[in-house]
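Notes to accompany the following structure.
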Amino acid sequence: MMESTKLDAIARELFAREGCPSISGAHHRDGLMVAGQRAVIAVLEDLISVLFPGCYLTHEVGGADLAACARAVLGKAANSLQEQVRMAFEFACAVENCTPQCQTCQERATAVVEGMLGALPEILCVLQEDVEAAYEGDPAAKSTMEVVMSYPGVYAVIVHRIAHELYRAEVPLIPRMMSEHAHSRTGIDIHPGAQIGPGFFIDHGTGVVIGETCVIGKRVKLYQGVTLGALSFEKDAQGRLVKGVKRHPDVEDHVVVYAGATILGGRTRIGTGAVIGGNVWLTHSVPPGAKVYNQQPSPLIREVDGSWKTSQGPWQSAGDGI
Amino acid sequence: MMESTKLDAIARELFAREGCPSISGAHHRDGLMVAGQRAVIAVLEDLISVLFPGCYLTHEVGGADLAACARAVLGKAANSLQEQVRMAFEFACAVENCTPQCQTCQERATAVVEGMLGALPEILCVLQEDVEAAYEGDPAAKSTMEVVMSYPGVYAVIVHRIAHELYRAEVPLIPRMMSEHAHSRTGIDIHPGAQIGPGFFIDHGTGVVIGETCVIGKRVKLYQGVTLGALSFEKDAQGRLVKGVKRHPDVEDHVVVYAGATILGGRTRIGTGAVIGGNVWLTHSVPPGAKVYNQQPSPLIREVDGSWKTSQGPWQSAGDGI
Amino acid sequence: MMESTKLDAIARELFAREGCPSISGAHHRDGLMVAGQRAVIAVLEDLISVLFPGCYLTHEVGGADLAACARAVLGKAANSLQEQVRMAFEFACAVENCTPQCQTCQERATAVVEGMLGALPEILCVLQEDVEAAYEGDPAAKSTMEVVMSYPGVYAVIVHRIAHELYRAEVPLIPRMMSEHAHSRTGIDIHPGAQIGPGFFIDHGTGVVIGETCVIGKRVKLYQGVTLGALSFEKDAQGRLVKGVKRHPDVEDHVVVYAGATILGGRTRIGTGAVIGGNVWLTHSVPPGAKVYNQQPSPLIREVDGSWKTSQGPWQSAGDGI
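Protein chains in written order, with this note's numbering: chain A, 101 to 422; chain B, 101 to 422; chain C, 101 to 422.
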């Protein structure tokens, strides 16, 4: 057992440290209440279970009982979310030295939660298009039920559509906590600010990054390891990064982007129906209907007898069978 | 607090929505019982703890007590798995409009679980070869115990060998739920249909994708970011994807595939003992014993004085020291 | 229900199997007590909550109560960690056929835990530099609070700094269990042996691999998919891998490495202030201040009218706006 006086000394040093600046609210709390991560994740899971009770509800109920059960879960989630949103607004007010809105955190939280819950029926409708797109787009999918229960790309999109609603309502902290929960679970990193049309499908998904200012159209399909990112960051006169500018690409309807492709820049636009091949590195716009391939480096093969050859011509399929 | 009447209205809209089609069993349950994700994961964890009690058993017991404890965990897992498998068969019957097999879901579940548990001793034996391969293949590995407790590649293979047994028994939903649980935890996406020989090791692992119809031999080693995927998808006369055809490569014994390599296509075969270098993109077969390298693009270096040079010759090591 | 006699037979076969060798301590326990994964993760979470109570403490307390609460959590963590460390030392002694140190496992555990907890104030100070670096380095970051609560790169570094302290104290098993917990949660694989200076930031992070013998300077920034890895493994006269040699690169202060770059080899050194572009494959040292770009393959574009063109010149930006 460690001596009590040593523990006391360490605790004192941790909470009265000089010489290294404390991070607002993260190290010391100073009475500030912050949105608890577990509470936020619990709300998220409750909302998902109401959208897809057949997959995510923890109680087994059916028929009329299902509606009653979903109603109860919805009420619980609403109360908890309102509490978390209020604390998040209060945190932001405290950090930003209290604007006039500070008195209205409670009212703002109420309005946000009503908006969030009111949007659920529409979100469900869009998600059903996403699920159909996943089922149709993957030969390995056995049923839409399997897709909803198991596909990480579908889970990430469910979470994104909820988090994006809260992002649009300018709630601090909570949208990103939700999207990073999905990132942790799926390896898919969608910033809650990204705007994504219906029928969106990400296959496999690990390593996908979608930036804050992306705008993605309808029926777009991405594979694992795709980045829709920033080309460079603007800096202000003090050399600090400028926040809030358009930094990420636009992707129009019916575009397919194969595994490992990187598309960068706020002025880059991928036209309707374009196909971007595996590992392509793209920093320019491409027109509608274009097919973009890598001139893949031809691998060199050394055979057992010591002879060398190249295995294939200079162009290779982009993984899309064309 | 949100008004009760508003919550009622949202719940009503969610469960009686017209204009956007519901997804069978996922949104509405309609009395259909589906396999619960938590129950399936709990079974999986119980089976793993019986295979590796020294690492995964939650109770600390030893000697003769260990066998008794493992026996108890096995019995619990068998009962729960049987329940889940029965529900999964019933779900499939209901979706597929009830075949004659529908009356026999219970009997089929019993047979599947007996087969699954009966296969465990053989699975354990194969897993011990996997663990040895991991320990021998990684200079950072300090002990086989560390390998079993901590290596994501080992965890993913443990789960795969269990899920594959259920896949072979044609159980719906559950094998993929297990493999996606491992994917979530490890970033390694192995479809439960893939056939993988003993002594298989994936180092680091994040971003690895192994497709449904892959066939992998003995003592194969993969690094992070390797894809064994499909080159293109066949479509039927209606333009829908054809499901069930061979789409993914064969990898023979003693092959090593370095980080980020992509190997695509159902007719692509990597011969015994071949070495595939980092980031190689391969859509053709290679013969036994071949070494396949990228002609890596030579990076350009701009030094501080403004001069340019290339840092290295046109060929680079594949990361395998040759 | 499965027959009891069948379960008995399977359990017997699992624990008295001949013909396939058992893995020391992993399959059979033989009375050996091993560090429980859940206990180790619980200690890790307690230590993190003491470092950042505003984000990770589970109880809501403020002011003077906060210090008392943190003190209590610290004491609980110290006791549990000491127990786990002792078991890990005992495991190593048993595997290595009991050195003279075997009698001193308890004493060694006490010393390790005192060292670990005594290092927390200094670790906190370094972490605050990491958090500042993350906030300043990402235009999407809204507050340092958001960074601590949500950024996977920050979480991975918090865990690494704790695990590295235990690695330096030569504790078996536990450091790697902690780092693989972070890997599972974030997709960022930092070996606990890596030496990393203050102000370290990994953006997005999925797929990052940092090897055991890396040495990283101050204010270094990495993006998703970066590998700092080994070029090849030395083998001894018996053909077995040599463990413990310097295999991974050195990265000096103020270096930036963009997404997907691969830097390999124990003699590879990236000089101060160098910038390594996206997808660069580097196995040689580069001097301070150098900018390293890929000659990206120019993607080929086939437009709808069937004509071909290349979308851009042979050189492309490395994603750093230069």
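Built from N, CA and C at the ideal position, the CB exists for glycine as well.
Step through the CB atoms of chain C and report whether any lies within less than 8 Å of the CB of residue i.
{"i": "residue 381/A", "result": "yes"}
{"i": "residue 404/B", "result": "yes"}
{"i": "residue 108/A", "result": "yes"}
{"i": "residue 413/A", "result": "Below a pLDDT of 50, predicted positions are generally treated as unreliable, and residue 413/A, at 42, falls in that range; the measurement from the model is reported next regardless. Answer no: the Cβ-Cβ gap between residue 413/A and chain C never drops below 8 Å."}
{"i": "residue 283/A", "result": "yes"}
{"i": "residue 242/B", "result": "yes"}
{"i": "residue 434/B", "result": "Given that chain B is displayed from residue 101 to residue 422, the structure contains no residue 434/B and the question cannot be resolved."}
{"i": "residue 263/B", "result": "no"}
{"i": "residue 234/B", "result": "no"}
What residues match up with residue i in a beta bridge as DSSP calls it?
{"i": "residue 362/A", "result": "327/A, 381/A"}
{"i": "residue 295/A", "result": "315/A"}
{"i": "residue 350/A", "result": "315/A, 369/A"}
{"i": "residue 242/C", "result": "The partner list for residue 242/C (beta bridge, DSSP) is empty, contrary to what the question assumes."}
{"i": "residue 401/B", "result": "409/B, 392/C"}
{"i": "residue 356/B", "result": "321/B, 375/B"}
{"i": "residue 386/A", "result": "370/A"}
What would DSSP say about residue i, mapped onto helix, strand or coil?
{"i": "residue 151/B", "result": "helix"}
{"i": "residue 393/B", "result": "strand"}
{"i": "residue 171/B", "result": "helix"}
{"i": "residue 414/C", "result": "At residue 414/C, the pLDDT of 33 sits below 50, so the modelled position is not reliable and the matter cannot be decided from this model."}
{"i": "residue 376/B", "result": "strand"}
{"i": "residue 144/B", "result": "helix"}
{"i": "residue 230/B", "result": "helix"}
{"i": "residue 290/C", "result": "strand"}
{"i": "residue 157/B", "result": "coil"}
{"i": "residue 335/C", "result": "strand"}
{"i": "residue 223/B", "result": "helix"}
{"i": "residue 185/B", "result": "helix"}
{"i": "residue 274/C", "result": "helix"}
{"i": "residue 343/B", "result": "coil"}
{"i": "residue 212/B", "result": "helix"}
{"i": "residue 131/B", "result": "Note that residue 131/B scores 44 on pLDDT, short of 50, meaning its location in the model is unreliable; the coordinates nonetheless yield the value given after this. Residue 131/B: coil per DSSP, three-state reduction."}
Using a C-beta cutoff of 8 Å, does residue i count as contacting chain B?
{"i": "residue 155/A", "result": "yes"}
{"i": "residue 347/C", "result": "yes"}
{"i": "residue 213/A", "result": "yes"}
{"i": "residue 388/C", "result": "yes"}
{"i": "residue 341/C", "result": "yes"}
{"i": "residue 286/A", "result": "yes"}
{"i": "residue 378/A", "result": "yes"}
{"i": "residue 191/C", "result": "yes"}
{"i": "residue 356/C", "result": "no"}
Would you mind telling me which residues of chain B sit closer than 8 Å to residue i, beta carbon to beta carbon, in chain order?
{"i": "residue 184/A", "result": "None at all; the shortest Cβ gap to chain B is about 14 Å."}
{"i": "residue 319/A", "result": "Within 8 Å Cβ-Cβ: nothing; residue 319/A doesn't reach chain B, min ~14 Å."}
What does residue i reach in chain C if we use C-beta pairs closer than 9 Å?
{"i": "residue 359/B", "result": "309, 327, 329, 362"}
Residues of chain A with CB closer than 7 Å to the CB of residue i, please, in chain order.
{"i": "residue 304/C", "result": "289, 309"}
{"i": "residue 399/B", "result": "Ordered by position in chain A, no residue passes the 7 Å Cβ test against residue 399/B, which lies about 13 Å from the chain."}
Identify the contact partners of residue i in chain B, using a Cβ-Cβ distance below 7 Å as the criterion.
{"i": "residue 276/C", "result": "246, 250"}
{"i": "residue 204/A", "result": "Correct list: empty, because the minimum Cβ distance to chain B is about 17 Å."}
{"i": "residue 180/A", "result": "None at all; the shortest Cβ gap to chain B is about 11 Å."}
{"i": "residue 220/A", "result": "110, 114"}
{"i": "residue 393/C", "result": "399, 400"}
{"i": "residue 312/C", "result": "240"}
With a cut-off of 8 Å, does the C-beta of residue i fall near any C-beta of chain A?
{"i": "residue 228/C", "result": "yes"}
{"i": "residue 139/B", "result": "no"}
{"i": "residue 258/C", "result": "no"}
{"i": "residue 272/B", "result": "yes"}
Name the chain B residues that come within less than 9 Å of residue i, Cβ to Cβ?
{"i": "residue 295/A", "result": "Result: empty, since nearest Cβ-Cβ is about 20 Å, beyond 9 Å."}
{"i": "residue 338/C", "result": "What residue 338/C touches in chain B: nothing, since even the nearest Cβ is about 11 Å away."}
Which chain C residues sit within Cβ distance under 8 Å of residue i?
{"i": "residue 102/A", "result": "175, 178, 179, 182, 210, 213, 214, 217"}
{"i": "residue 167/B", "result": "111, 112, 115"}
Check the Cβ of residue i against every Cβ in chain A and list those closer than 8 Å, keeping chain order.
{"i": "residue 171/C", "result": "107, 108, 111"}
Whole runs of the alpha helix (DSSP H) within the region 301-326 of chain C, excluding any shorter than 4 residues: With a minimum length of 4 residues, no continuous alpha helix (DSSP H) run stays inside the region 301-326 of chain C.
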